[in-house]
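Report on one structure; see the data block that follows.
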Amino acid sequence: MSNLKKVLWATALLGLALCGIITYRIYKAVFVANTAFEQPEVVIFVSSGTSFKELKVLMTPYVKDLQTFEAVAIRKGYFANVKGGKYLLKKGMNNNSLINTLRSGNTAVRVSFNNQETLEALAGRIAAQLEPDSLALLQAFNDHALLADNGFDVHNTLTPYLPNTYEFFWNTSPEGFTKRMLEEYRRFWNEERVQKAKKLGLSPAEVSSLAAIVQKETVKIDERPRVAGVYLNRLSRGIHLQADPTVIYALKKAYGKNDTIIKRVLYRDLEIDSPYNTYKYEGLPPGPIAMPDLSAIKAVLNPESHEYLFFVADVSRPGYHLFAKTLAQHNENKSQYIRWLDRQSIKR
466 MSNLKKVLWA TALLGLALCG IITYRIYKAV FVANTAFEQP EVVIFVSSGT
516 SFKELKVLMT PYVKDLQTFE AVAIRKGYFA NVKGGKYLLK KGMNNNSLIN
566 TLRSGNTAVR VSFNNQETLE ALAGRIAAQL EPDSLALLQA FNDHALLADN
616 GFDVHNTLTP YLPNTYEFFW NTSPEGFTKR MLEEYRRFWN EERVQKAKKL
666 GLSPAEVSSL AAIVQKETVK IDERPRVAGV YLNRLSRGIH LQADPTVIYA
716 LKKAYGKNDT IIKRVLYRDL EIDSPYNTYK YEGLPPGPIA MPDLSAIKAV
766 LNPESHEYLF FVADVSRPGY HLFAKTLAQH NENKSQYIRW LDRQSIKR
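Take the sequence shown: its letters are residues 466 to 813, numbered as in the working numbering.
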């Protein structure tokens, strides 16, 4: 064999060896497991606007070889398009799977909230579960243009938020959260519920306002349809609602003390000049005094049919009430409650 052939064969063999080494390195970088955690899976949260440099710092505890992770990310074009969200990384993932997960595996989170007293409280509750902070959320909740476009005003900003559990992407924007809640509100108010409200002479927003009062009056879900029936009877007869929770709300609103606990409404409190004071003003207040939950809304839409016009706390059954059809009956029931308040030394 001539020297030239030997050189050519040697060059070819060297080339094959280099190709093999390069192929193996590529295979190893792309397809060999590259996780550094022992648990079956871990969850990471990538903030919106995270740079690739910041992502590498975030990923450092979770990958064995950060260099190959970076190389594959660059190869797949991910380094220039880091996406925020919640991601589930599984043990044994290779770089290819890791990058694919970070690119398109944004996982939804379950977001829950109960009946909040104020928008500020709602913002704080949501901020504890999603990426946006409470200030950004509160600004979105008070977007007057968006509210007006959907038939709401400054008095019923709480109305679109129906307490429940929902699924959101962790990096949902404040505006995205608000728009989704408006969609859920419209979905809840289907034709059947709208027609029930119409038969009661109420709009959906008015149902929420009354439901907030019902909820504040009784914690007992099984009693709410009866309480709703009392207020609907009063509305239909043109009688002032005379709901103590509306007076308490008016007092807190007037003095800016939402956290104040008022256990006893005094006669002088009934004189506060506020559209929320249903002792002074006829009909429903201009908006809900709190965020009613679904049981209270459904109680208003499906009230108990009766002739009761009054009720007062039943001290023999905590949480429940005594109902009356006449003022004389009510005053008799009321006396047992007043005596109980005095025995407990509850002055306010």
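Idealized CB from N, CA, C, for every residue including glycine.
Just so it is clear, the structure is predicted and the values come from calculations on it, not from any experiment.
Check: The beta strand (DSSP E) enclosing Asn629, as first and last residue numbers; Outcome: Asn629 to Phe634
Check: C-alpha distance - Gln660 paired with Arg652, whole-angstrom precision; Outcome: 14 angstroms
Check: Limits of the unbroken alpha helix (DSSP H) element including Ser569; Outcome: Asn560 to Ser569
Check: Rounded straight-line distance, which links the Cα of Asn636 to that of Val537; Outcome: 25 angstroms
Check: Contacts around Ser569, its chain only, beta-carbon distance under 7 angstroms, and the 5 residues preceding and following it disregarded; Outcome: none
Check: Cβ-Cβ distance between Ser674 and Leu554 below 8 angstroms; Outcome: no
Check: Cβ separation of Val684 and Val765, assumed to be a contact under 8 angstroms, to the nearest whole Å; Outcome: No, Val684 and Val765 are not in contact; Cβ-Cβ is about 16 angstroms, not under 8 angstroms.
Check: Beta strand (DSSP E) runs contained entirely in the region 524-560, provided each spans 3 or more residues; Outcome: 550-555
Check: Extent of the continuous alpha helix (DSSP H) to which Ser577 belongs; Outcome: Premise fails: Ser577 lies in the beta strand (DSSP E), Ala573 to Phe578, not in any alpha helix (DSSP H).
Check: Neighbourhood of Lys521 by C-beta, 7 angstroms cutoff - its chain only, sequence neighbours within 5 removed; Outcome: Leu531 and Glu535
Check: Start and end residues, beta strand (DSSP E) containing Phe510; Outcome: Glu506 to Val511
Check: is_contact[Asn579, chain D] using C-beta, thresh 8 angstroms; Outcome: This model lacks chain D altogether, as it is built from one protein chain only.
Check: Cβ shell of Val576 (< 6 angstroms), same chain only, five flanking positions each side left out; Outcome: Gln594, Tyr631 and Phe633
Check: Cβ-based burial, Pro757 [other Cβ within 10 Å; buried from 16]; Outcome: buried
Check: Outcome for Pro701 when other beta-carbon atoms lying within 10 angstroms are tallied against a minimum of 16; Outcome: Pro is not the amino acid found at residue 701; the sequence shown has Ser there. The residue is exposed, with fewer than 16 neighbouring Cβ atoms inside 10 Å.
Check: Run of the beta strand (DSSP E) containing Ala830, from where it starts to where it stops; Outcome: Examination of residue 830 is not possible in this model, given that the chain is present from 466 through 813 alone.
Check: Contact under 8 angstroms by Cβ, Ala498 with Gly589; Outcome: no
Check: Proximal residues to Glu772 (C-beta, below 6 angstroms), its chain only, five neighbours per side dropped; Outcome: Lys790
Check: Leu806 to Gly784 span [Cα, whole Å]; Outcome: 14 angstroms
Check: C-alpha gap between Leu716 and Ala708, whole angstroms; Outcome: 13 angstroms
Check: Opposing strand residues paired with Ala708 [DSSP bridges]; Outcome: Answer by DSSP bridge pairing: none, since Ala708 is not bridged.
Check: Leu600, buried or exposed, once every other Cβ within 10 Å from all chains shown has been counted against 16; Outcome: exposed
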